[in-house]
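Chains as they are written, first to last, in numbering that gives the first Met the number 0: chain R, 0 to 730; chain Y, 0 to 157.
Ideal Cβ positions, reconstructed from N, Cα and C, are used throughout, including at glycine.
Computed from a predicted structure; not experimentally measured.
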Amino acid sequence: MFLPPKASKRRIEEAENARRNRQEIVQALSHGQVSRRDLFKWGAFTTVGGLALKHGLSPFASSVYAAVPTGAPLSPLFGALPFTQAMPRADLLTRTPNPMTALVPAPTAQANETLQNLNPALVAAYPGGSRGPVEGRPPGTIWAHQRWNEYLPRIGVTATQEGAKANKAYNPGVASSLNSGINPATSIPVRFHPNMPIQDANTMWTFNGTVPPKLLLSRYGEPVLFRHHNKLPFDPTLNNGFGRHTLSTHEHNGHHGAENDGFTGAFFFPGQFYDYHWPLVLAGFTTINTAATDIRAGTPNGSGGITKIAGDWCETMSSHWFHDHMFEFTAQNVYKGNCALHNLYSAVDRGNEAINDGVNLRLPSGTAKDWGNLEYDVNLMLADKAFNANGQLQFDIFDTEGFLGDQITVNFAYKPFFEVERRKYRFRICNGGVARMYKVSLSDAKPFYFIGNDGNLLPQRLLMTSTDLMSVAERYDIVIDFTQWSVGSKVQMVNLAEHDNGKLVSKVLSLSEALSGNSPDAGVGAFLEFRVVRNPAQPDVSQVPLNLIPNPSLAAPVARERVFEFGRGANQTLPETANPITASQGPWGIKTDGGAMLAAAYSRISAQPKFNTREVWTLKTSGGWDHPIHIHFEEGQIISRDGSAANVPVWERGRKDTYRLRPGGEVKISLQFRGWGGMFMEHCHTTTHEDHAMLMRWDISNAGSPFLQPLPTPMPRPQGVTFTAAAEVLP
Amino acid sequence: MLHHFKVRWTASALCLAALMALAPLPALAQNRMNPKAVAVTSNAPVTNVEAVNFVGSAVVTSRIVPDPDFGRPSFVMQFDLTGVTGTGAQSGIKYVLTSQEHVIKPFASNQNVEFTFPMATDDNAPIAKVRTGSARFVMNVDPASGLITSVNAVMTPR
C-alpha cells in the first residue's frame, strides 16, 4: 500500500502525481460534479471492486519501475518521533441535568418542524426552497421517539460537528497527574504531534471541532437526550477533498428505537440539529425482571447504592462508541474525526472500585465518585491515518477494498506515551479506523486480563499475552496490572497484525518480528508506551473477578433462521434517484437467503423479523476476505463458527455486535428483537466496504402502532424530510 | 475422535483438490477444518528463569482459503494449548495453559508460527505469579489439500 522508506525519488514523485490526480477526481465526486455511477461508466472503478489500472490515477497502476503496485508515499512525520508526546485522555462531554427545560428549543417526541431560513449556499446545493425545519429528524409519528414518556430524558448532552479548531475547554475528568502531566487549561491544537502541522478546519471535522476524541459517561436508567448540531460548511465543496457535510449519528450498539440509531438514510444538514434519545435500558425490559426486583439489574444511585431497573442484567453493556453513518460517506466522515466514546455504568460495572455490595464487580476505575471514576479506567481510540506532503490528513476513496493509514494514532495522537501508576488499569480499546486490524500485545509479552468484547463483559475473564485480531468497530476491554513492572519501567503496546493492503491482514507476526522494525507496514510495532512513574498513593482495591457477566438465556424459541452472504459482484436492482441517493453502487453486496448479491439500497427491506421474537442468522463469506459484520440494535451471541460451537474461541463466547467472519468463514448467531422497532442495518464495518454497498436494511415490524409494515423510507432534504414507499421487500 | 475426523477429511480433501483446479471453492468446502494433535517438546529458557517441562498435546486446526482476489490462498490456523501442562524444573510448580491462538498467513507449504502464551497455576493465581512462554510451530502443508502433513511444536518459558 505504501512505498518503502528507501523508495527512489522518482518513484515517490510518480506516486505523488498519482495521488494528486486521484485527489482531483475525489474532489469532483465529493462536490457532486460527478457521481459514482459516472466513475463506474468511465472505468475509474472496475465492476469487480478495484480501481481501474490507469497510470497516474491508481496507486496500484503499473509502474515504470517494476510490475508491482506503485504504492503511495509514506506519510511525512516532520521529525516527529514515537513516544515523544503525552497521550491525552478522551475529552468529557458535558452532561446537563433536566434537558426538557434546560435545552432550547425544548426536546420533543416528534421532530421539531419549526422553520428557519436556509443558508444560500445550502439552497444552491439543494434547490427547492429557502426555508426548512430546525431539526433534521424525519417528522411525524413514525419517527417520534418511542416510549418517550416512559423514558423522558434526564440528561442532556449537546455537541456540534464542526471544523477543526483549538480545544480551549479540555476536560479529561482526572487530575493532570493522572493524565501524563497534560495541563487541561492549555489550548490543544488539532494536530497529531507537536512537530506536525495543524489540521485545516475542513480537513478534520470532529465533535465540537476539537481533539482529543470526546467521551460520554452515562448510566443505565438515566435517559440521555443527545442533541447533535451540524455546524459543518453549508457548501458541500468545502471539504478539503473528502467527507460529506450531512450526518447521521450511530450510537454503536445502543438498544433503542430506530429513530435514535443513526439510520444511514436519516441524515441531517448543516444548520440543523437532530435529537437522539438514548433511554439506556437493559434489553428484555418488557419481559424479564419487569418489576425491577433483581438487584443486579440496576444503576448507581449517586450515593453508594443501587436503583433497580427492569430488564435482564445479563444484557448489561459497558463500552460503546458513536460515529457517523452517512450513506456512502461513513468511512470518510469517521476518518475525518466523527467518532466518540461512550462508557455505560451499571450496578455491576459502576466505575467505582471500592464499593463492596456483592453486585459491583469493582473493576479498576477509582473511588472518588459514586460512579464513573476514570482515574484507572482509560479509553483508547485507535485510528490509522495518512498524511499528504503538507501534513494534512489524506484519504483515498478509490480504494474500495480498504483504505489504510500508515501511521497509528491513539486518541488522535501519533504514537504517544501514557504515564501510569504501579497498579491495575482498565483500558477500553476501540478500533476507530477504516480497514486496519490490530492484534495487541505488550512488548515484553507480559500477561493481561481480557474482560470485555464489543463493550460487553465476558462470562469469565481471560488471561492473555495477545488479543485476537481486532477489526474496525470492535472494542476490547483489558486490564493491565502494572505491578508486574518496577517504577521507572517502560512497556509498549504492540500491533502484531501486518497489512500489505486494506484487503485483510496479510500476516500475523511474532512479537520479535513486530518489534524488529523490518515490517514494510509502518502500522506494525509499538504504538503506545506506558511509563510506570510511581507507586499509587492509595492502595489498589480494584478487582478483576473470575466471573463477570453470564450470557443471557437462549431459551426463547427460534422464530426463523436467515442466511446472509457477504461478497462481491453485487448488482443494484433499484434506480439511483437524483437527490437524495438511496441506492448505492457496488462492488460489494449481500445475498439474503440464497437470493441475488445485492448492492445497498436503504429503501429495500431485506428482512423483517417480528417484534418480540428470537432468530438465528448465519453470516458467511467466501474467498479470503475477512469482513467484520455489524448488526445494529441488540447484542447477539455466536452459536457456532464454521459449523461447530467448538470453533468459537473463548473470547467470543460472550455477547457481541461486530462479528468477524474470517476468511472463507461462517458464523451462526442468535439475536432478539424486542423493546423497540423501526428500521435498522447490517453491514460490513470495514467502512470502505460499507460505503460501497455492503449494507442492508432490516425492519422490526408487526408490533402494532406506530410501526407500519413496511415502513416508508425517509428522503432528507434541507427543506424537510419526505417519505417514499419501500421500493423492494425481500421475502 | 481425531482419527475419525481425519478419515472424513481425507475424502473431503480429494474433492477440495479437484475443485481448486476448476473454480473458486464453495464456502462449505472451504470451511472444512483439519485438526492435528501434536505432542509438544520443551526448550530451555533463553533468559535466566526457571526451566519448565511441557507435556501434552497442542491441537492445530487449519484450513486453506483460496481466493482469486488475493493472488494466492490464505492459510487460517488455530492453535489450542489447553491440552498442555507445564512443570517448573526446580520448583515443581504445575502450570495450566489456557491459550487459543488464531493466525492468518499467506499460504505456503512450509509454515512457521510463533506466539506467546500465559501459564498460571490455576484460575485464581495472582498475575504476579503468572509466567509466560513462547510456542513455535513448524509445519509442512500439502498445497493441494491444505492438510498439515507434519508439525513440530517447541515451547519455551520466558
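{"Item": "R:Ser-74, enclosing beta strand (DSSP E) - first and last residue", "Value": "Counting along the chain, R:Ser-74 falls outside any beta strand (DSSP E), and DSSP gives it neither H nor E."}
{"Item": "Contact set between Y:Thr-97 and chain R, taken where Cβ atoms lie within less than 8 Å", "Value": "Leu-461, Leu-462, Val-649"}
{"Item": "Cβ-Cβ distance between R:Asp-453 and R:Glu-634 below 9 Å", "Value": "yes"}
{"Item": "9 Å Cβ cutoff, R:Gly-664 in contact with chain Y", "Value": "yes"}
{"Item": "Residue closest to R:Phe-481, alpha-carbon to alpha-carbon, out of R:Val-493, R:Cys-429, R:Arg-425", "Value": "R:Arg-425"}
{"Item": "9 Å Cβ cutoff, R:Glu-420 in contact with chain Y", "Value": "no"}
{"Item": "Residues within the segment 537-559 of chain R neighbouring chain Y, beta-carbon criterion of under 7 Å", "Value": "Leu-545"}
{"Item": "Proximity below 9 Å, CB of R:Phe-225 to CB of R:Trp-277", "Value": "yes"}
{"Item": "Rounded separation between Y:Pro-105 and R:Ala-124 - CA only", "Value": "47 Å"}
{"Item": "Residue nearest to R:Ile-294 in terms of C-alpha spacing, selected from R:Ser-302, R:Gly-172, R:Ser-345, R:Glu-161", "Value": "R:Ser-345"}
{"Item": "Segments assigned beta strand (DSSP E), at least 3 residues, entirely inside the segment 71-141 of chain Y", "Value": "73-79, 83-87, 93-96, 99-105, 109-119, 130-140"}
{"Item": "In DSSP terms, what R:Met-316 is bridged to", "Value": "DSSP output for R:Met-316 lists no bridge partner at all."}
{"Item": "Distance, R:His-322 Cα to R:Leu-216 Cα", "Value": "16 Å"}
{"Item": "Test: Y:Ser-133 CB closer than 9 Å to a CB of chain R", "Value": "yes"}
{"Item": "Where R:Tyr-334 falls: helix, strand or coil (DSSP)", "Value": "helix"}
{"Item": "Beta-carbon proximity of R:Ser-515 to R:Leu-495, cut-off 9 Å", "Value": "no"}
{"Item": "Nearest residue (CA-CA) to R:Gln-145, options R:Asn-455, R:Gly-264, R:Ala-257", "Value": "R:Ala-257"}
{"Item": "Length at least 4, wholly inside the segment 658-710 of chain R: the alpha helix (DSSP H) runs in chain order", "Value": "686-690"}
{"Item": "Opening and closing residue of the alpha helix (DSSP H) in which R:Pro-119 lies", "Value": "119-124"}
{"Item": "Where R:Pro-446 meets chain Y, residues with beta-carbon distance less than 7 Å", "Value": "Pro-117, Ile-126, Val-129, Thr-131"}
{"Item": "Inter-residue spacing [alpha-carbon to alpha-carbon] between R:Ala-434 and R:Asp-383", "Value": "9 Å"}
{"Item": "Residues that DSSP places opposite R:Gly-256 in a beta bridge", "Value": "DSSP output for R:Gly-256 lists no bridge partner at all."}
{"Item": "Three-state class that DSSP yields for R:Leu-177 in the structure shown", "Value": "helix"}
{"Item": "Cβ-Cβ distance between R:Ser-643 and R:Val-557 below 9 Å", "Value": "no"}
{"Item": "For R:Pro-81, the first and last residue of its enclosing beta strand (DSSP E)", "Value": "Here R:Pro-81 belongs to no beta strand (DSSP E), and DSSP marks it neither H nor E."}
{"Item": "Coil, strand or helix - R:Asn-166 by DSSP", "Value": "strand"}
{"Item": "Neighbouring residues, chain Y, relative to R:Lys-506 (Cβ below 8 Å)", "Value": "Ile-103, Lys-104, Pro-105"}
{"Item": "For R:Ala-339, three-class secondary structure by DSSP", "Value": "strand"}
{"Item": "Within-9 Å CB hit, Y:Pro-142 to chain R", "Value": "no"}
{"Item": "R:Ser-511 - DSSP class collapsed to helix/strand/coil", "Value": "helix"}
{"Item": "Cα-Cα separation between Y:Ala-119 and Y:Gly-132, rounded to whole angstroms", "Value": "11 Å"}
{"Item": "R:Ala-440 at chain Y interface by Cβ criterion, 9 Å", "Value": "The residue you asked about is not Ala; residue 440 of chain R is Ser in the sequence shown. Yes, its Cβ sits closer than 9 Å to a Cβ of chain Y."}
{"Item": "Proximity test, Cβ basis, 9 Å: R:Ser-605 and chain Y", "Value": "no"}
{"Item": "Extent of the continuous alpha helix (DSSP H) to which R:Pro-98 belongs", "Value": "98-101"}
{"Item": "Assigned secondary structure, R:Thr-612 (DSSP; H/G/I helix, E/B strand, else coil)", "Value": "strand"}
{"Item": "N- and C-terminal bounds of the beta strand (DSSP E) containing R:Asp-234", "Value": "Taken as a continuous stretch (DSSP letters only), R:Asp-234 belongs to no beta strand (DSSP E), as it is neither H nor E."}
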